[in-house]
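Chains as they are written, first to last, in our numbering: chain A, 8 to 609; chain B, 12 to 317.
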Amino acid sequence: MIRKVFKKWMKKKQYGSIQFTISASFTLISLICMGSIGFILYSKMVSNTEEMTVEAASQLLNQTSVNLETYLRSMMRISDSMYYSVIKDKDISTDNMDSEMNLLYEANKDNLVSIACFKEDGELVGAAPIASVKGEVDIISQEWFEEANNQMENLHFSTPHVQNIFDDSSYRYNWVVSLSRIVELTRRGTNVRGVLLVDMNFSSIEQLFKKSNTMGNGGYMYLTDSKGGIIYHPRQKLIDGLAEKENNKVNAAYEDGSHKENFEGERRIVTVKTVGYTGWKIISVTPYSVYSMNFTQIRYFVIVIISAAMFILFFVNQFVSAKIADPIKRLNDSVKGLENGNLDVVIYEGGGSDEIQHLGKTLNSVVAQLRKLMDKIVIEQEEKRRSELYALQSQINPHFLYNTLDSIVWMIEGEMYTEAIHMVTHLARLFRISLSKGKTVITIKDEIDHAKNYMNIQQFRYKDKFQIVFHMDPEIYEYCTVKLILQPLLENAIYYGMEYMYGDGEIIVKGEKKEGDIYMSVEDNGPGMTKEVQKDLLKEERKIPTKGSGVGLLNVHKRIQLRYGEEYGLNIESQPDEGTKVTIHIPAILYDDWKKEKGELE
Amino acid sequence: MSRKQWELFLAGMALLFIMGISIYRYTSQIPEEERYRLSVFSDSNDHNTKSILRQGMERASRDFHTDLNFIMFTEEQTEEEKEEIIIRELQKGSQGFLLHLDNPDLWIEKYSLMLEGRIVLALEVAFDYHPDNPSIWIDNEKMGHELAMELVKGRSENQKVILYKTEEKNKKDFLRSMGGKKALEENGIVWEEREAIDNEEENVLYLCFNQSATEQTAEMLKDNINSKCIFGVGNSEKNVYYLDKGMIHTLAVPDEYMIGYMGVKNICDRLSFRESSQGMEIDYILVSKEELYLPEVQKRMFPIVQ
């Protein structure tokens, strides 16, 4: 139903025209292609922007990681220096390591809060800056002490905490990261275990990350321990106050590298890097809203470009489709004239593609052929009309009729009733076959009968002037022929051949089938004719004076050729004083077969 | 193409060109978020409180693209001087005011005409008489009550209880005092109220309702380390030191950072016509010496990395 309505609408709006089809098809294809290109372009740009964002975040992350590791290494060097350069050379029972410790502390006090060395039982061996341990603090149960003992071969970094080991009457408190390790202390020549503690100022790490976060592109960076516990976060207090959330546990579990995630309804890229020595994780977070700021501009840019391209393409399509369709339209318009029956119309073949020009030329050629055919048909019809006219004319030729009727009258007057009856009978038969119910094609048998009837009548009139002999092969009787072809030849033979004969005139009519064709001849032994006369006999523009209706031979010849083609017709052979032979050449077509094909149309 | 089609084509191209330029220029500009201007009035003597509160507000001002102007009154300033400063600030055209004052209700009544429908928000204490104005508040009465209950738990039979006197005009302290008194009454404990602690007495427990009172009391009793006789408020460095030393038994510590942050956020939400609550209660914690260095407590008690 919808298709019907659509087709009706298309027809009404003339949207079925070739120009519209070409234009619409091109436009649709352009739209699809441009849309695809635009989409791919936009996707690629978005992808590139994402990659660039990830790359920038990774670079900043790497730099921060390097800075942090450098810092941690420096702290480790301090610990190593303290251990290998000071502690190892000292006997704690006799030597004091405070001065060296102080020296080391003073050299690094910007990053250090304190350096301290404890015995295995938690007793303080030495510390810088010099301070006393709080009485209530149990050194052995401190996390840094326990971990140092657990990781004997390695250095241990604690998570940030407030240092609560030493008394400080200045009311200050310090956030530190404790670097602790097991050390070998020498006491009276024996080795005893101890723990070296280097408390790093956490503000150094905090400043490092604050700086990185200000350099960032809208995202932020934070630091966790290996289990995901936050060490530093730019929004730590808000997270602690439950005003915000962070996906720290999940992020810390990621492998190093970039990951996309969706957290609290926000898409973001998370880049993770593990810090050496500590197992800490630096996590960079770039929210989608940060790097998608450019997407709007890119999107609009792509839309404008695509729109402009589509706009241009639309007009180009119109132009191109008009160029293609215009010659076809002109061709179509010129053919319309032809459709209305005007064969004089000139088909457009001036422009357009080679095919259109060829089509125009071919149509012109077809129209020309049509005109020729039409003319041929007209001529044929004219010939037919003339031959019918001739036939009628000869049938009702006044002289032939008068003479024949005269003959009948004097036969009756002469009481030659039998001859009169014969004459009337032959005349009737003559008229019957002549008319043949209006057919132009009859059997050869009928044609021969017509000829015989004619000759019978003529013999009455031209008593004993000539003989007529019919040698017809019965095989040819059932073949068809154009009617009234023998009688004109016989008439000519009588008028031109027998006129000057006195009883020795002879007309022989033959008929046979040979090589698939029918040959019938009328031969007389009359005076014959010259080659010149013979040559012009079958020409339209002949200058030969004629008797009777005067169109007999040419009429017969033309009719045969019109019916059967130019390879058929009459052939005249004549020798002066010897006689004339006119041969009729027609194809052998059985009358029944002809009737089946065309007989009914006649 | 016909002339008409050419004209249409050129007109369309021109239109597209103009559109393209306009869109490019529009999207090239980094959209400037509207910045709000807020004024903060504070008459608190607690340096530590002001410092942490300010940190929270400054964090929020960065998050919500706001400019803050802090007006911190000191004890040395006279009332006339304070009023002159306030009026000058009110005339500057701030879109909102955060009041960290002893009595925000009085302030609104005094300057209501000049406020012209601008948003006024109270910090640490809620409005009583202007409930339409938002506030970020602590349940001061409850805090005083719980602090007093710690005192009740830690008190031995013969110990005397001295309350640091509060003025009614200082609403925050007054509410805490009310709560504390209620707790003592409920437990049948008799107390004495004093305006200042100027000498040391034996066998006394002190209940202080603000940071400075706590500090002063601790200073007074600093020779009596480990006495665990002070129940106070505030996480100043001194208070924390004395708590660590054992002189202070329990400290009540509100989350000043969140108060400051949420205060600015609330006003900005209102100015941007985003959904916001009428007010928000911020929690507090009660910390003893044993809990001082617990990881979750450390972050509250030692909020600033030095």
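The beta-carbon is built from N, C-alpha and C at its ideal position, and this holds for glycine as well.
Listed by position along chain A, the residues whose Cβ is nearer than 7 Å to that of V275 of chain B form an empty set, because the closest Cβ is around 12 Å away.
Taking the Cα of Q26 of chain A as reference, the smallest distance to any Cα among A:G576, A:F321 and A:V184 is reached at A:F321. With respect to the 8 Å criterion, I278 of chain B and L109 of chain B are classified as neighbours on the basis of their beta carbons.
Of the other Cβ atoms in all chains shown, 16 or more fall within 10 Å of the Cβ of E107 of chain A; this residue is therefore buried. Inter-segment contact for the stretch 319-339 of chain A and the stretch 65-78 of chain A is absent: fewer than three beta-carbon pairs are separated by less than 8 Å.
If you draw a straight line from the Cα of I313 of chain A to the Cα of V297 of chain A, it comes to about 26 Å.
Secondary structure at C279 of chain B: helix, using DSSP grouped into helix, strand and coil. Against chain B, the beta carbon of L245 of chain A has neighbours under 7 Å at Y272, listed in chain order. Using a Cβ-Cβ distance cut-off of 8 Å, the stretch 262-276 of chain A and the stretch 190-209 of chain A are not in contact, since fewer than three pairs of beta carbons, one from each stretch, lie closer than that value.
With its beta carbon less than 8 Å from one in chain A, Y304 of chain B belongs to the interface.
Residue pairing of T450 of chain A in beta bridges, as defined by DSSP: A:C487. Interface with chain A (8 Å Cβ-Cβ cutoff): K249 of chain B is included. Between A137 of chain B and G271 of chain B, the CB-CB gap reaches or exceeds 8 Å. For the stretch 100-162 of chain B, the full-length beta strand (DSSP E) segments reaching 3 residues or more read 107-111, 130-135 and 146-148 along the chain. By the criterion of a C-beta distance shorter than 7 Å, L434 of chain A is surrounded in its chain by T411 and I464, once the five residues flanking it on both sides are discounted.
Under the Cβ criterion of 8 Å, M269 of chain B is counted among the residues facing chain A. Residue pairing by DSSP places V172 of chain B opposite B:W202 and B:L216 in a beta bridge.
In this structure the stretch 232-249 of chain B does not lie against the stretch 116-134 of chain B, because fewer than three pairs of beta carbons, one per stretch, are closer than 8 Å. Residues of the stretch 111-123 of chain A that bring their beta carbon within less than 8 Å of a beta carbon in chain B are absent altogether. Runs of the alpha helix (DSSP H) lying entirely within the stretch 490-573 of chain A and spanning at least 4 residues, in chain order: 493-499, 538-543 and 559-571.
For the set B:G290, B:T60, B:I63 and B:L162, the Cα lying nearest the Cα of V298 of chain B is the one of B:L162. Between I290 of chain A and N258 of chain A, the CB-CB gap stays under 8 Å. By the C-beta criterion, the stretch 496-508 of chain A is judged to be in contact with the stretch 530-547 of chain A, since at least 3 inter-stretch pairs fall below 8 Å. Neighbourhood of G286 of chain A in chain B, by CB distance below 7 Å: empty, with the nearest CB roughly 18 Å away.
Looking at A:L350, A:E362 and A:I354, the one whose alpha-carbon comes closest to that of I331 of chain A is A:E362.
Pairing E206 of chain B with N198 of chain B, the inter-Cα distance amounts to about 23 Å. Here the C-alpha atom of Y307 of chain A lies approximately 7 Å from the C-alpha atom of I34 of chain B. A contact is defined here as three or more CB-CB pairs under 8 Å, and the stretch 149-168 of chain A fails this definition with respect to the stretch 115-123 of chain A.
Contact note: V316 of chain B reaches chain A through W182, F209, S210 and E213, using a C-beta cutoff of 7 Å and chain order. Listed in chain order, the positions of the stretch 150-180 of chain A with a beta carbon within less than 7 Å of a beta carbon of chain B are H168, V169, N171, Y178, R179 and Y180. Within chain A, no C-beta atom comes less than 9 Å from the C-beta of L232 of chain B; the nearest is roughly 15 Å away. For G67 of chain B, the enclosing alpha helix (DSSP H) starts and ends at H58 to D74. Note on geometry: alpha-carbon atoms of M189 of chain B and G155 of chain B lie some 7 Å from one another. According to the DSSP assignment, C40 of chain A belongs to the alpha helix (DSSP H) that extends over I25 to D87. Y175 of chain B and F81 of chain B have their C-alpha atoms spaced approximately 29 Å apart.
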